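Report on the following structure.
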Amino acid sequence: MQALLVVDVQNDFCPGGALPVPDGDAVVPIINRLALHFPLVVASQDWHPPNHLSFASNHPGRAVLDVITLDGQSQVLWPDHCVQGSWGAQFHPELDTRPFRLIVRKGTDPRVDSYSAFRDNRKDRSTGLAGYLRELGVSQVTVVGLATDYCVAATAEDALSLGFSAKILLPACRAVGVPPGHTESTLQRLRDMGVELVDTV
Ligand code: VGL
Ligand code: ZN
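In my numbering, the protein residues as written are 1 to 201.
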């Protein structure tokens, strides 16, 4: 069975949000149509507490997009975004949430970031998504949403390493593209791993 994973289509990642992905809202109508064709649709929300250590504001003297080492792992510092319960953390208002059978929230531990909808960046703590999908007999996942080069990529990569086959539908994704070339190098790495990158919906 196939599942559609809708990653982080939230106000803060759309124009007008705190960490806007260029053209991010363009994915909304595409995903709304796509969802009708999948037997199972799951969505994720980036869902940070205000003291989250991926926020530059929690590192005095540091700026947005600085890269620091956090518990031995490299961490990009972001503007405050997707704060639990805030407008920015809500799904885009035109995203049709009715097909979502499960909504996974990630990035809730203030000390560790979580790009993937499956588990945190240290690959320590699971969201339970892999077990949920397995229990329902899912073997193939299709990943769409925001942002291609961060949370979509990490989710597809984890899907593969957790035993699912993984596809990314590129027209239903948009990228941050920072630092320059990040999208291209990320997509090449995913391709080499065995993630199928699809150019048409
Ligand atoms: C994301 C940066 C920080 C994403 C989340 O959803 O791609 N990017 N938090
Ligand atoms: Zn985040």
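Backbone N, C-alpha and C fix where the C-beta goes; we use that ideal spot for every residue, glycine too. Every value quoted in this text rests on a predicted model; they were computed, and no experiment measured them.
Nearest-angstrom Cα distance between residue 81 and residue 108? What you label residue 81 is simply residue 81 of the sequence shown in a count that begins at 1. What you label residue 108 is simply residue 108 of the sequence shown in a count that begins at 1. So the alpha carbons of these two residues sit roughly 12 Å apart.
For residue 132, tell me which candidate among 150, 149, 51 and 102 has the shortest Cα-Cα distance. Start at 1 with the first residue of the sequence shown, and residue 132 comes out as number 132. Checked all of 150, 149, 51 and 102; the closest Cα to residue 132 is 102.
Cutting at 6 Å between CB atoms, please list the residues of its own chain near residue 50, excluding the five before and the five after it. Taking the sequence shown and counting its residues from 1, one reaches residue 50 at position 50. Counting only Cβ-Cβ distances below 6 Å, and skipping sequence neighbours, we find 83.
Considering just the uninterrupted stretch of the beta strand (DSSP E) at residue 253, what are its terminal residues? Residue 253 is absent from the model: the chain starts at 1 and stops at 201.
Can you determine whether any heavy atom of the ligand VGL sits closer than 7 Å to the C-beta of residue 59, and answer yes or no? As a first step, residue 59 is located in the sequence shown; it is residue number 59 there, counting from the start. Residue 59: no, Cβ never under 7 Å from the ligand VGL.
Using 8 Å for Cβ pairs, my map puts residue 149 next to residue 128. What's the rounded Cβ distance? Numbered from its first residue, the sequence shown carries residue 149 at position 149. Numbered from its first residue, the sequence shown carries residue 128 at position 128. Incorrect: roughly 25 Å between the Cβ atoms, too far for contact.
So the beta strand (DSSP E) residue 46 belongs to, where does it begin and stop? Your numbering for residue 46 matches position 46 in the sequence shown. Run containing residue 46: 41-46, per the beta strand (DSSP E) assignment.
Drop a sphere of 10 angstroms on the beta-carbon of residue 167, count the other beta-carbons inside from all chains shown, and report buried for 16 or more, exposed for fewer. For this step, residue 167 is matched to residue 167 along the sequence shown. Buried.
State buried or exposed for residue 78, treating a residue as buried only when at least 16 other CB atoms are found within 10 Å of its CB. Taking the sequence shown and counting its residues from 1, the one referred to as residue 78 is at position 78. Here residue 78 is buried, its C-beta having at least 16 other C-beta atoms within 10 Å.
I want to check one thing, is the minimum distance from the CB of residue 44 to the heavy atoms of the ligand ZN below 7 Å? Reading the sequence shown from its first residue, position 44 is the one you call residue 44. Between the ligand ZN and the CB of residue 44, the shortest heavy atom gap is not smaller than 7 Å.
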